[in-house]
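Colleague: Quick one: the structure is below, and I'll ask about it shortly.
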Amino acid sequence: MSDTPIDSSKRTWIITSACAGAVGGVAAAVPFVSSFQPSERAKAAGAAVEVDISALKPGEKITVEWRGKPVWILKRTPAQLESLAQTEPQVADPKSDRKAYTTPEYAKNQHRSIKPEVFVGVGICTHLGCSPGDRFQTGPQPSLPDDWHGGFLCACHGSTFDVAGRVFKNKPAPDNLEVPPHMYLSDTRLIIGEDKKA
Amino acid sequence: MAHEFKEISPNASAGAKVTNWFENRFPTAFDAYRVHMSEYYAPKNFNFWYVFGSLALVVLVIQIVTGIFLVMHYKPDAALAFASVEYIMRDVPWGWLIRYMHSTGASAFFIVVYLHMFRGLIYGSYRKPRELVWIFGCAIFLALMAEAFMGYLLPWGQMSYWGAQVIVNLFAAIPFVGPDLALLIRGDFVVGDATLNRFFSFHVIAVPLVLLGLVVAHLLALHDVGSNNPDGVEIKAPNAPKDANGKPLDGVPFHPYYTVHDIFALSMFLMAFTAVVFFAPEFGGYFLEYNNFIPADPLVTPLHIAPVWYFTPFYSMLRAITSEMMYALIACVLLGAILGVVKARLPGFLKGGIVIAAAVVVLLMLSIDAKFWGVVVMGGAVIILFFLPWLDNSAVKSIRYRPSWHKYLYGIFVINFLILGYLGVQPPSPVGERVSQVGTLFYFGFFLLMPWWSRIGATKPVPDRVNFTAH
Numbered sequence: 014m015s016d017t018p019i020d021s022s023k024r025t026w027i028i029t030s031a032c033a034g035a036v037g038g039v040a041a042a043v044p045f046v047s048s049f050q051p052s053e054r055a056k057a058a059g060a061a062v063e064v065d066i067s068a069l070k071p072g073e074k075i076t077v078e079w080r081g082k083p084v085w086i087l088k089r090t091p092a093q094l095e096s097l098a099q100t101e102p103q104v105a106d107p108k109s110d111r112k113a114y115t116t117p118e119y120a121k122n123q124h125r126s127i128k129p130e131v132f133v134g135v136g137i138c139t140h141l142g143c144s145p146g147d148r149f150q151t152g153p154q155p156s157l158p159d160d161w162h163g164g165f166l167c168a169c170h171g172s173t174f175d176v177a178g179r180v181f182k183n184k185p186a187p188d189n190l191e192v193p194p195h196m197y198l199s200d201t202r203l204i205i206g207e208d209k210k211a
Numbered sequence: 134m135a136h137e138f139k140e141i142s143p144n145a146s147a148g149a150k151v152t153n154w155f156e157n158r159f160p161t162a163f164d165a166y167r168v169h170m171s172e173y174y175a176p177k178n179f180n181f182w183y184v185f186g187s188l189a190l191v192v193l194v195i196q197i198v199t200g201i202f203l204v205m206h207y208k209p210d211a212a213l214a215f216a217s218v219e220y221i222m223r224d225v226p227w228g229w230l231i232r233y234m235h236s237t238g239a240s241a242f243f244i245v246v247y248l249h250m251f252r253g254l255i256y257g258s259y260r261k262p263r264e265l266v267w268i269f270g271c272a273i274f275l276a277l278m279a280e281a282f283m284g285y286l287l288p289w290g291q292m293s294y295w296g297a298q299v300i301v302n303l304f305a306a307i308p309f310v311g312p313d314l315a316l317l318i319r320g321d322f323v324v325g326d327a328t329l330n331r332f333f334s335f336h337v338i339a340v341p342l343v344l345l346g347l348v349v350a351h352l353l354a355l356h357d358v359g360s361n362n363p364d365g366v367e368i369k370a371p372n373a374p375k376d377a378n379g380k381p382l383d384g385v386p387f388h389p390y391y392t393v394h395d396i397f398a399l400s401m402f403l404m405a406f407t408a409v410v411f412f413a414p415e416f417g418g419y420f421l422e423y424n425n426f427i428p429a430d431p432l433v434t435p436l437h438i439a440p441v442w443y444f445t446p447f448y449s450m451l452r453a454i455t456s457e458m459m460y461a462l463i464a465c466v467l468l469g470a471i472l473g474v475v476k477a478r479l480p481g482f483l484k485g486g487i488v489i490a491a492a493v494v495v496l497l498m499l500s501i502d503a504k505f506w507g508v509v510v511m512g513g514a515v516i517i518l519f520f521l522p523w524l525d526n527s528a529v530k531s532i533r534y535r536p537s538w539h540k541y542l543y544g545i546f547v548i549n550f551l552i553l554g555y556l557g558v559q560p561p562s563p564v565g566e567r568v569s570q571v572g573t574l575f576y577f578g579f580f581l582l583m584p585w586w587s588r589i590g591a592t593k594p595v596p597d598r599v600n601f602t603a604h
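As you go down the protein sequences, you meet chains P and V in turn.
The first sequence: position 52 = 65 (the working numbering), numbered continuously.
The second sequence: position 326 = 459 (the working numbering), numbered continuously.
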């Protein structure tokens, strides 16, 4: 180290130019970080999907793709609909009151759908995004409780849902399956991605 | 540092003249060879645990070389990626071999690195003055995990896709900023082409550069402070025995002594490595998961998804955090706070601080979903390793001179880690969940209680010189 006294004016200018350089560096980083955002093309791809459910029989489920996600359309049997009353005390959020995935008003009921028998839901677990598998067989079976009434099991982390997509208590997933905005164009034609409000 | 220009006798051999010509023009390279190889004195009592650092370096080279050749044929495009990997496997001459070397190399990397870390753990290699060596090492481990995770997306199979979906969604669990952060990582609303492209970029250039820089820092820091050894005796300490030239009597030059040692280990390693590459590249579904031979399908998750084996201990800890488990964790926080207030000799305002901090943590634990805490636990399990140098309060470094029960404790730690790893590849089950919760508590207890348990019991006398019998 030299014994020369510190030239405070020089030091001030060094600090000033270093700060100016840092501001420039941050400004230059903005476009790079911004480039991580979804592109305009990715944002544009989100059109509503129209589905014909006339061929769907009770107990059957079809899957359609909407915004890259699987959307399930399940036509529930009367027995499955009755099971919702039995699962009511076992599920974490029976009235779909939680806000993380807002359930549309028309699906804020026990069957979480517009028509009681037709369930429309995004088949993506609210835990970490796996697509749960169908477990419509009732009764004891591996990975499921013995009083199983039918529903969905997420194989990734073991979350279980009833046939209305309501998550059971004390499971990794905090929320019920998302119900996408949807409406009926006719008795058998359904549009997913748009509803009457929009 | 100016080097003196050395003249050489005109009668010297041609080889000596060439060497002299280069040494006068690039002395740094010659100095580096001396500092890091021929005059780097390493303790002479290294055992087989000391080969894994060199092996990790070799595996890194294997991964870089095979990776360069794979990039020549691979296509980072969601529509083409899966088929291009199959093209490498079927149509590119010897492509299958290069790809199997790369995929086996990934698992080999973790095997070697886990053993290398365990060596550091039992011989106290992370302790003063080697804290930074250990921290650089932990950073390498973290970078390696990122590298492996992003590389795993590239074949664009079912496990690639859903594994990435799950891990990216981990970030979405962070309160407030999570969903936007996950969007920024994916570059789309779901894992898709944009995600594949950026992971490819990170996997082939960004992370490897960071990894190489960290490896250099790890080695330079190690060579500055000198290697530890199984006895934990400092061979370069001011009062350690040295010869007339000041060279440690308990040290031998890295080259040729440990280059030979490591080359022997390398030949053993390569036998095992090539055996896997040629005869069991999928390794029963552990190195290459069977579901990854199915192209990625965003609409269907395979019935059983699990990460590759090297992530499963941490994945088990993630799965262990249910809302029930949160009560156990809250109890742990309260217990810690009570002990801190009752037992610790601290001024009153610090004790008040402990109470307030515990109250805030408990409130957060009650108000934020278990899902977020699962992510915190999984990340914390890796991050806690960085703090090891300051958690260990034992009077001695090496396990050889610690109380005998330490060996059992470390044994249980390893078994616990293996059980967590095993549970992570299994489908979720109620019994497995309970066991992994106990295992998670043990894993964190091992580290967080180390400041206390490492002081308990009588240590054995540490010798002045390393234990060494010539062979």
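Cβ atoms here follow ideal geometry from the backbone N, Cα and C, with glycine treated the same way.
Keep in mind the model is a prediction, meaning the values are calculated, not measured.
1. Would you please verify whether the beta carbon of Leu-141(P) is less than 9 Å from any beta carbon of chain V?
2. Does DSSP put Gln-154(P) in a helix, a strand or coil?
3. At least one CB of chain P closer than 9 Å to the CB of Ile-368(V): is that the case?
4. Within 10 angstroms of the Cβ of Ile-368(V), are there 16 or more other Cβ atoms? Answer buried if so, exposed if not.
5. Under three-state DSSP, which class holds Ala-211(P)?
6. Quick one: does Leu-303(V) have its CB under 9 Å from some CB of chain P?
7. Indicate whether His-13(P) and Cys-169(P) have their beta-carbon atoms separated by less than 9 Å.
8. Under 9 Å between beta-carbons, which chain P residues line up against Ala-339(V)? List them in chain order, please.
9. Measuring only between beta-carbons, confirm whether Leu-451(V) sits less than 9 Å from chain P.
10. Going along chain P in order, which residues have a C-beta closer than 8 Å to the C-beta of Ala-503(V)?
11. Quick check: the stretch 572 to 588 of chain V against the stretch 548 to 561 of chain V, are at least 3 beta-carbon pairs closer than 8 Å?
12. Relative to the C-alpha of Val-192(P), which residue among Gly-171(P), Leu-157(P), Cys-143(P), Ile-86(P) is closest?
13. Using a beta-carbon distance below 9 Å, is Ile-589(V) in contact with chain P?
14. Between which two residues does the beta strand (DSSP E) containing Val-343(V) stretch?
15. Starting from the beta carbon of Phe-49(P), find every residue of chain V whose beta carbon is closer than 8 Å, and list them in chain order.
16. Closest to Val-168(V) by CA distance: which of Val-393(V), Ile-517(V), Phe-406(V), Pro-386(V) is it?
17. What are the boundary residues of the alpha helix (DSSP H) that includes Arg-331(V)?
18. What would DSSP say about Arg-80(P), mapped onto helix, strand or coil?
19. Mind listing the chain V neighbours of Lys-82(P)? Cutoff is C-beta to C-beta under 9 Å, in chain order.
20. Under 8 Å Cβ-Cβ, which residues of chain V neighbour Thr-29(P)?
21. Check Asp-313(V) in the structure and name its three-state DSSP category.
22. For Ile-204(P), list the residues DSSP reports as bridge partners.
23. Where do the N-terminal and C-terminal ends of the beta strand (DSSP E) with Val-571(V) fall, by residue?
24. Closer than 8 Å by C-beta to Ala-503(V): which residues in its own chain qualify, once you throw out the five before and the five after it? Chain order, please.
25. Near Ile-300(V), what residues of its chain come up, given a Cβ to Cβ distance below 7 Å and the 5 sequence neighbours on each side ignored?
26. With a CB to CB cut of under 8 Å and the five nearest residues on each side skipped, what residues in its chain are close to Asp-208(P)?
27. What residues from chain V crowd round Glu-78(P), counting only those whose CB sits closer than 8 Å?
28. Would you decide whether Ile-471(V) is buried or exposed? Buried here means 16 or more other CB atoms lie within 10 Å of its CB.
29. Listing by chain order, which chain P residues have their CB less than 8 Å from the CB of Gly-507(V)?
30. Which of the residues in the stretch 146 to 169 of chain P, read from start to end, lie with their CB under 7 Å from any CB of chain V?
31. Out of Tyr-285(V), Val-204(V), Leu-265(V), Glu-264(V), point me to the one whose CA is closest to Thr-237(V)'s CA.
32. Whole angstroms are fine: how far does the CA of Val-198(V) sit from the CA of Ala-354(V)?
33. If contact is defined by three or more beta carbon pairs under 8 Å, each pair taking one atom from either stretch, is the stretch 346 to 353 of chain V in contact with the stretch 266 to 278 of chain V?
34. Can you check which of these residues, Leu-436(V), Leu-317(V), Phe-444(V), Tyr-543(V), is closest to Gly-578(V) by C-alpha distance?
35. So with Cβ pairs under 9 Å, would you call Ala-211(P) a contact of chain V?
36. Spatial neighbours of Ser-217(V) within its chain, please: CB distance less than 7 Å, with the 5 preceding and 5 following residues excluded, ordered by chain position.
Modeller: Taking the coordinates as given:
1. Taking 9 Å as the CB threshold, Leu-141(P) lines the interface with chain V.
2. Three-state result, Gln-154(P): strand.
3. So no, Ile-368(V) is outside the interface.
4. Ile-368(V) counts as buried, since at least 16 other C-beta atoms from the protein chains shown sit within 10 angstroms of its C-beta.
5. Here the model assigns Ala-211(P) a pLDDT of 46, short of 50, so the residue's position is not dependable, and the following value carries that caveat. The three-state secondary structure of Ala-211(P), taken from DSSP, is coil.
6. With respect to chain P, the C-beta atom of Leu-303(V) has a partner C-beta closer than 9 Å.
7. This structure leaves residue 13(P) out entirely; chain P is present only between 14 and 211.
8. In chain order: nothing, as chain P lies at least about 12 Å away.
9. Leu-451(V) has a beta carbon lying within less than 9 Å of a beta carbon in chain P.
10. Going along chain P in sequence order, the residues near Ala-503(V) (Cβ under 8 Å) are Pro-185, Pro-187.
11. A contact exists between the stretch 548 to 561 of chain V and the stretch 572 to 588 of chain V.
12. Of the listed residues, the one whose Cα sits closest to Val-192(P) is Ile-86(P).
13. For Ile-589(V), not one C-beta of chain P is nearer than 9 Å to its own C-beta.
14. That residue, Val-343(V), is in no beta strand (DSSP E); its alpha helix (DSSP H) goes 340 to 358.
15. The contacting residues are Leu-317, Ile-318, Gly-320, Arg-331.
16. Answer by Cα proximity: Pro-386(V).
17. Run containing Arg-331(V): 326 to 334, per the alpha helix (DSSP H) assignment.
18. Coil at Arg-80(P), not helix or strand.
19. Simply Phe-322, Val-323, Pro-431, Leu-432.
20. Chain-order list of chain V residues neighbouring Thr-29(P): empty, with the shortest C-beta distance near 31 Å, by a criterion of under 8 Å.
21. Reduced to three states, the DSSP call for Asp-313(V) is helix.
22. Its beta-bridge partners are Glu-63(P), Met-196(P).
23. Careful: Val-571(V) lies outside any beta strand (DSSP E), inside the alpha helix (DSSP H) at 563 to 581.
24. Counting only Cβ-Cβ distances below 8 Å, and skipping sequence neighbours, we find Ile-454, Thr-455, Ser-456, Met-458, Met-459.
25. Excluding positions up to five away in sequence, the list reads Phe-282.
26. So the list reads Pro-117, Tyr-119, Pro-194, His-195, Met-196, once near-sequence residues are dropped.
27. Result: Pro-431, Leu-432.
28. Label assigned to Ile-471(V): exposed.
29. Those within 8 Å of Gly-507(V) in chain P are Pro-185.
30. Identification of residues in the stretch 146 to 169 of chain P having a C-beta nearer than 7 Å to some C-beta of chain V yields Gly-146, Ser-156, Ala-168, Cys-169, given in sequence order.
31. It is Tyr-285(V) whose Cα lies nearest to the Cα of Thr-237(V).
32. Cα atoms of Ala-354(V) and Val-198(V): separation of roughly 26 Å, rounded to the nearest angstrom.
33. In the pairwise beta carbon analysis, the stretch 266 to 278 of chain V is classified as touching the stretch 346 to 353 of chain V: at least three pairs are separated by under 8 Å.
34. Out of Leu-436(V), Leu-317(V), Phe-444(V), Tyr-543(V), Tyr-543(V) has the C-alpha closest to the C-alpha of Gly-578(V).
35. Annotation note: pLDDT 46 at Ala-211(P) (below 50); position unreliable, no value reported.
36. Within the same chain, and ignoring the five residues on either side of Ser-217(V) in sequence, the residues whose Cβ sits closer than 7 Å to its Cβ are His-206, Tyr-207, Lys-208.
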